[in-house]
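Asks: Supplied in C-alpha cells, the structure appears directly below.
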Amino acid sequence: MYTVAVVDNFPPVVGGNKGGQRVATDAEIEAAVAMLRAGGLVGFPTETVYGLGADATNPDALRRLFAAKGRPADHPVIVHMADIVQLPEWAREIPRAALQLADAFWPGPLTLILPRAAHVSDLVTGGQDSVGVRVPRHPVAQQLLRAFGGGVAAPSANRFGHISPTRAAHVRAEFDTATVPVVLDGDPPDIGVESTIVDMTGDRPTLLRPGGITPAQLAAILGASLAAPGAASPRAPGTLRSHYAPATPLEIVPSGEIAARAIRLQRQGLSVAALLHTVEPSALTDGVPQAQQRLRWSGSPPDAAYYARRLYERLRVLDRSQSSRILVEAVPTGDEWLAVRDRLRRAATKPNER
Ligand code: TXA
Ligand code: MG
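Right, dumping it as C-alpha cells:
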C-alpha cells in the first residue's frame, strides 16, 4: 500500500485572530490597493477561502472579474468591506435582525443578503434588487479592505465550478499573472469552507448556503430558527448542484460500506483515493493481493471544524493523485457538519456521470 502525503501543516487556529499570524507588508498592501484602484484583480486570503477581489464600484473591473472566473454575468458577487459602518453605502435598508447577526458574527464567515442601495452595479447584484455583503475577519483581508477603503467584490478565487482555493499557491495555479497580477499570501483560512449566506430580504431570515456559522448559532442570536430557501428566494448560484467539483469521479459511501467498495474497485484494477475520518485505511486493502492494491488515502479526526478547514486542500491532493475514483467516507448528520455535507454532496459525481 502506498499512502498519499497530505500537507498537514495548518496551524490549529480556531476562532480567529490570534497573535503571531502572518500579515502582509505595507508594500504588498500598497501594490494590492493600487491594482484595485486601477481596475485590476487581487487574490487575497479570508477566513473561509481565498477571494478574487475587484473594486465593486468599477464596471470594467467587475467585467474583468467575471471573465477571469468564467462565471455567467447574472451570478451575483459578495461585497466585502472592512467594517459594518460601511454597510449603508451598499444596503438601502438594514433590518434589525440583520444588525443582530452582523453584531454577533462580523467580522466573520457570514454573508447577509440585503436590499441593495440605488447605486450598486447590476454586475454585483446579478440584476437582482439585493446585495450580498460580508465583513471578513482574516487579518490580511482586513489590512487590504482598510487600506482600500471601499467595497471589494470577491467571489472565491477559482474558475467557475472548480474547487475553492485555501492557499495563495492554489490561486496562482488557477490564474496566470496577467489575469491576476497580485495575490496576497497569509495564514490559511481557519474555517476552510465558504461563508454562511442568510437572506434578510424576506419575511423570515432564510439560509441560502450553509457555511462557517451553523444554523444553531444563527438561531441563538435571532431567537428563532431560519427558513429553508423557497421558490421565491433569491438565486444563489454557489448553490448549484455540481459546484466545488474535483475532476476525478467522487462517491460518498457510508462508513460501513467504504472498505468493501474500495476493495471491489481495486479488484477490478481501478485505483482508489479515499477521504476517511473513522475507518482505518488498512481496512480498504484488506484481502486485496499486494500487487492489486491501489489505494491513496487522507485521514482526519472526526471533528467537523478540523475537517472543514482542510476539506478543499485534501480534495485537491486526492484529485491530483490520478486515481480512478475518490471515495469519501460519509460524514455525520449533525448540524455542525452541515456545510461539509453540503460541499461534499456538490462535489459528488451524479450516478449517471460515473
Ligand atoms: O466565504 C465566502 O463567501 C467567499 C469569500 C471569498 O468571501 N466568497 C464566496 O463567493 O464564496 P462566491 O462568489 O464563490 O459565492 C457567493 C455566493 C453565490 O452563491 C452567490 O450567488 C451568492 O453568494 N450571492 C451573492 N449576492 C447575492 C444576492 N444578492 N442574492 C443571492 N445570492 C447572492
Ligand atoms: Mg465560489
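Using this note's numbering, read the sequence shown as starting at 35 and increasing by one per residue. Think of the CB as a built atom: it goes at the ideal place given N, C-alpha and C, for glycine as much as any other residue. Just so you know, these numbers come straight off a predicted model, no measurement behind them.
1. What does the Cβ neighbour count give for residue 187, buried or exposed, with the cut at 16 atoms within 10 Å?
2. By Cβ distance below 6 Å, which residues in the same chain neighbour residue 139 in space, the five residues on each side in sequence not counted?
3. Threshold first: 3 residues or longer. Then list the beta strand (DSSP E) segments lying entirely within the segment 48-97, N to C.
4. What would DSSP say about residue 371, mapped onto helix, strand or coil?
5. Using a threshold of 8 Å, is the CB atom of residue 81 nearer than that to any non-hydrogen atom of the ligand MG?
6. Tell me where the beta strand (DSSP E) around residue 233 begins and ends.
7. Round the Cβ separation of residue 116 and residue 162 to the nearest angstrom and send it over; I've been treating them as touching at under 8 Å.
8. Tell me the start and end of each unbroken alpha helix (DSSP H) in the segment 199-247 that is at least 4 residues and wholly inside, in chain order.
9. Touching or not, the segment 122-138 and the segment 73-85, by the rule of three or more beta carbon pairs under 8 Å?
10. For residue 143 and residue 245, what's the separation of their Cα atoms in angstroms?
11. Under the DSSP definition of a beta bridge, which residues are partnered with residue 390?
12. How many whole angstroms separate the CB atoms of residue 86 and residue 102, which I take to be in contact at a CB cut-off of 8 Å?
13. Is the beta carbon of residue 306 less than 9 Å from the beta carbon of residue 332?
14. Given this structure, state the Cα-to-Cα distance separating residue 152 from residue 125, to the nearest angstrom.
15. Pick helix, strand or coil for residue 309, following the three-state DSSP scheme.
16. Secondary structure at residue 258, three-state DSSP: helix, strand or coil?
17. By the 10 Å Cβ neighbour count, where 16 or more other Cβ atoms means buried, how is residue 119 classified, buried or exposed?
18. What I want to know is whether the C-beta of residue 280 ends up closer than 8 Å to one or more non-hydrogen atoms of the ligand MG.
19. Could you tell me whether the segment 283-290 touches the segment 352-371, using the rule of 3 or more Cβ pairs below 8 Å?
20. Could you tell me if the beta carbon of residue 229 falls within a distance shorter than 8 Å of some heavy atom in the ligand MG?
21. At a threshold of 8 Å, does residue 189 count as lining the ligand MG (C-beta to nearest heavy atom)?
22. With distance defined between alpha-carbon atoms, name the residue in 364, 309, 220 and 88 nearest to residue 189.
23. Quick one: what's residue 331 bridged to in DSSP?
24. In three-state terms, what does DSSP make of residue 314?
25. Using the C-alpha atoms, what's the distance from residue 150 back to residue 198?
26. Do the CB positions of residue 70 and residue 98 come within less than 9 Å of each other?
27. Please report the residue range of the beta strand (DSSP E) in which residue 359 lies.
28. Just to confirm the assignment, what range does the alpha helix (DSSP H) spanning residue 164 have?
29. Go to residue 287, then tell me how far its beta strand (DSSP E) extends in each direction, as first and last residue.
30. Taking contact to mean 3 or more Cβ pairs, one atom from each stretch, closer than 8 Å, check whether the segment 326-340 and the segment 295-310 are in contact.
31. Can you grab the Cα-Cα spacing for the pair residue 231 / residue 65, in whole Å?
32. From the DSSP output, in three-state form, read off residue 173 for me.
33. Around the C-beta of residue 302, are 16 or more other C-beta atoms found within 10 angstroms, so that it is buried, or is it exposed?
34. Comparing alpha-carbon positions, which option in 235, 278, 281 and 280 lies nearest residue 260?
35. Measuring CB to CB, does residue 239 end up less than 9 Å from residue 258?
36. Using 8 Å as the cut-off, classify the Cβ of residue 222 as near or not near the heavy atoms of the ligand TXA, replying yes or no.
Replies: Looking at the atomic coordinates:
1. That one is buried.
2. Here the set comprises 247.
3. Runs of the beta strand (DSSP E) spanning 3 or more residues and lying entirely within the segment 48-97 occur at 76-78 and 85-89, in chain order.
4. Residue state, collapsed to three classes: helix.
5. Residue 81: no, Cβ never under 8 Å from the ligand MG.
6. Residues 230-233.
7. A Cβ-Cβ distance of about 24 Å is found for the pair residue 116 and residue 162, leaving them out of contact under the 8 Å criterion.
8. As far as the segment 199-247 is concerned, its whole alpha helix (DSSP H) runs of at least 4 residues are 202-208.
9. As far as the Cβ criterion goes, the segment 122-138 does not touch the segment 73-85, which means the pair count is below three.
10. Distance from the CA atom of residue 143 to the CA atom of residue 245, rounded to whole angstroms, is 7 Å.
11. Since the displayed the chain opens at 35 and closes at 388, residue 390 lies outside it and no answer follows.
12. Yes, they are in contact, since the Cβ atoms of residue 86 and residue 102 sit about 7 Å apart, within 8 Å.
13. Pairing residue 306 with residue 332 gives a Cβ-Cβ distance that is not under 9 Å.
14. Distance from the CA atom of residue 152 to the CA atom of residue 125, rounded to whole angstroms, is 8 Å.
15. The DSSP-derived three-state label of residue 309 is strand.
16. Secondary structure at residue 258: coil, using DSSP grouped into helix, strand and coil.
17. Residue 119 should be labelled exposed.
18. Every heavy atom of the ligand MG is 8 Å or more from the Cβ of residue 280, so no.
19. With the rule of 3 Cβ pairs closer than 8 Å, the segment 283-290 counts as touching the segment 352-371.
20. It does not: the Cβ of residue 229 is nowhere closer than 8 Å to a heavy atom of the ligand MG.
21. Indeed, a heavy atom of the ligand MG lies less than 8 Å from the Cβ.
22. For residue 189, the nearest C-alpha among the options comes from 88.
23. Partner(s): 308.
24. The three-state reading of DSSP puts residue 314 in coil, since its state is none of H, G, I, E or B.
25. Straight through space, the alpha carbons of residue 150 and residue 198 are spaced by roughly 27 Å.
26. Contact flag unset, no.
27. 359-363 is the extent of the beta strand (DSSP E) around residue 359.
28. Annotation: residue 164 is outside any alpha helix (DSSP H); the continuous beta strand (DSSP E) that includes it extends over 164-168.
29. It spans 284-287 - the beta strand (DSSP E) in which residue 287 sits, taken as one unbroken run.
30. Yes: the two stretches touch, three or more of their Cβ pairs being nearer than 8 Å.
31. Near 31 Å, if we compare the C-alpha coordinates of residue 65 and residue 231.
32. Residue 173: helix per DSSP, three-state reduction.
33. Residue 302 counts as exposed, since fewer than 16 other C-beta atoms from the protein chains shown sit within 10 angstroms of its C-beta.
34. For the options 235, 278, 281 and 280, the alpha carbon positioned closest to that of residue 260 is the one of 235.
35. Closer than 9 Å, so yes.
36. No heavy atom of the ligand TXA is found nearer than 8 Å to the CB of residue 222.
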